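Sequences listed follow chains A and B, in order.
123 is the number that the working numbering gives the last residue of the first sequence; the numbers go up by one with no jumps.
123 is the number that the working numbering gives the last residue of the second sequence; the numbers go up by one with no jumps.
There are 2 protein chains.
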Amino acid sequence: MKLEISCTRKEADHKQLSRCKETIQSSSSSFQEISKIFALAGSEVRLKILFLLNTEEELCPCDIADILGMSAPAVSQHIRKLKDAGVIRMRRDGQTLYYSLVKENTTVLNKALSTIDSNRKVA
Amino acid sequence: MKLEISCTRKEADHKQLSRCKETIQSSSSSFQEISKIFALAGSEVRLKILFLLNTEEELCPCDIADILGMSAPAVSQHIRKLKDAGVIRMRRDGQTLYYSLVKENTTVLNKALSTIDSNRKVA
DNA sequence: TACGTAATTAAGCAAATACTTAAATAATTT
DNA sequence: AAATTATTTAAGTATTTGCTTAATTACGTA
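If you want it as structure tokens, here you go:
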């Protein structure tokens, strides 16, 4: 990819373009982090898991697999992604692992989760 | 996939599980819609495009390609996804197409976009 | 009408995703 | 210690994604 200006139309506002470039570059890590969170919630299965953990406080993989009608390994692999991203945490009780939301890291998602909640009440 | 109960541990709260199943099923279309929006914003490139349209009101693909240092077709394909989802709209002025956010359909994303904004001010 | 620019669409391909089944870990029960 | 349960990890695979280059469409201008 060339880094030259591709847009050569007369009306192009070069001040605007350089301002935008700077902003994008200076917030580069924000975009990375936030898009990562969104990508996690961008899976229907993972969004459901997040929603469930939000309403039920904690659940084990077994419960989640049961609720979603999925295999244990499939659920486990989604859980792993959420855990690796620091979005959920784990506690062990005997053989059973309980997962819960790390609320500090999910503020961005709260609004969406509450949207689902209110939809449910309406529907 | 079998639909049987896979979780056979004694402690399992069957009332909780059926309540969860019902909720998940009754909000099924919400999960689909919202995860679709998140998946769109879950791409770093598309999140940047959304952010740019949020702050600049409208931009042409050419500008966006320039700002992000990407090829026109690459940008165009991201734009298509956003447009297909009804997240952005288009107006034509001669040869140039201007895209802008459909704010009504991006309320879920506003918080995230503003988060980036405030990060920028701090950094 | 022919040419150039803005943008999209199409085709091709490498990488990422999300399952599957099978094997491995870890704790509990017998 | 052996068997069972909860869970994860590994390996394999089909699908999706996101770019690339080439071709096409739409508009404006010489």
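Backbone N, C-alpha and C define an ideal beta-carbon position, used for all residues, glycine too.
Remember, it's a predicted structure, so these values are computed and weren't measured experimentally.
Considering Ser26 of chain A, what are the terminal residues of the alpha helix (DSSP H) in which it resides? From DSSP, the alpha helix (DSSP H) with Ser26 of chain A extends over 14–26.
Could you give the DSSP three-state label for Thr106 of chain B: helix, strand or coil? DSSP places Thr106 of chain B in coil when its eight states are reduced to three.
With three or more C-beta pairs closer than 8 Å as the rule, is the stretch 29–47 of chain B touching the stretch 71–89 of chain B? A contact exists between the stretch 71–89 of chain B and the stretch 29–47 of chain B.
What's the C-alpha gap between Ala85 of chain B and Glu11 of chain B? C-alpha separation (whole angstroms): 43 Å.
Which of helix, strand or coil does DSSP assign to Glu191 of chain A? There is simply no residue 191 of chain A to check, as chain A begins at 1 and stops at 123 in what is shown.
Rounded separation between Ala108 of chain A and Lys15 of chain A - CA only: Note that residue 108 of chain A corresponds to Val in the displayed sequence, not to Ala. If you take the alpha carbons of Val108 of chain A and Lys15 of chain A, they lie about 31 Å apart.
Going by DSSP, name the residue or residues bridged to Leu40 of chain B. For Leu40 of chain B, which the question treats as bridged, DSSP gives no partner whatsoever.
Is the shortest distance between the beta-carbon of Ser100 of chain A and the beta-carbons of chain B less than 7 Å? With 7 Å as the cut-off, Ser100 of chain A does not count as an interface residue toward chain B.
Give every residue of the same chain whose Cβ lies closer than 8 Å to the Cβ of Cys60 of chain A, excluding the five residues on either side of it in the sequence, and list them in chain order. Thr96, Leu97, Tyr98, Tyr99.
Would Ile116 of chain A and Ser18 of chain B qualify as a contact pair, given that the criterion is a beta-carbon distance under 7 Å? Inclusion of Ile116 of chain A and Ser18 of chain B in the CB contact set at 7 Å is not warranted, their separation being larger than that value.
Report the three-state DSSP secondary structure of Ser76 of chain A (helix, strand or coil). Reduced to three states, the DSSP call for Ser76 of chain A is helix.
If you measure between the beta carbons of Phe31 of chain B and Leu113 of chain B, is that distance less than 7 Å? Cβ distance not < 7 Å, so Phe31 of chain B and Leu113 of chain B don't count as in contact.
So what's Ser100 of chain B in DSSP terms, helix, strand or just coil? Three-state result, Ser100 of chain B: strand.
Counting only beta-carbon atoms, is Leu82 of chain A nearer than 7 Å to chain B? Using beta-carbon distances, Leu82 of chain A does not count as an interface residue toward chain B, since no partner is under 7 Å.
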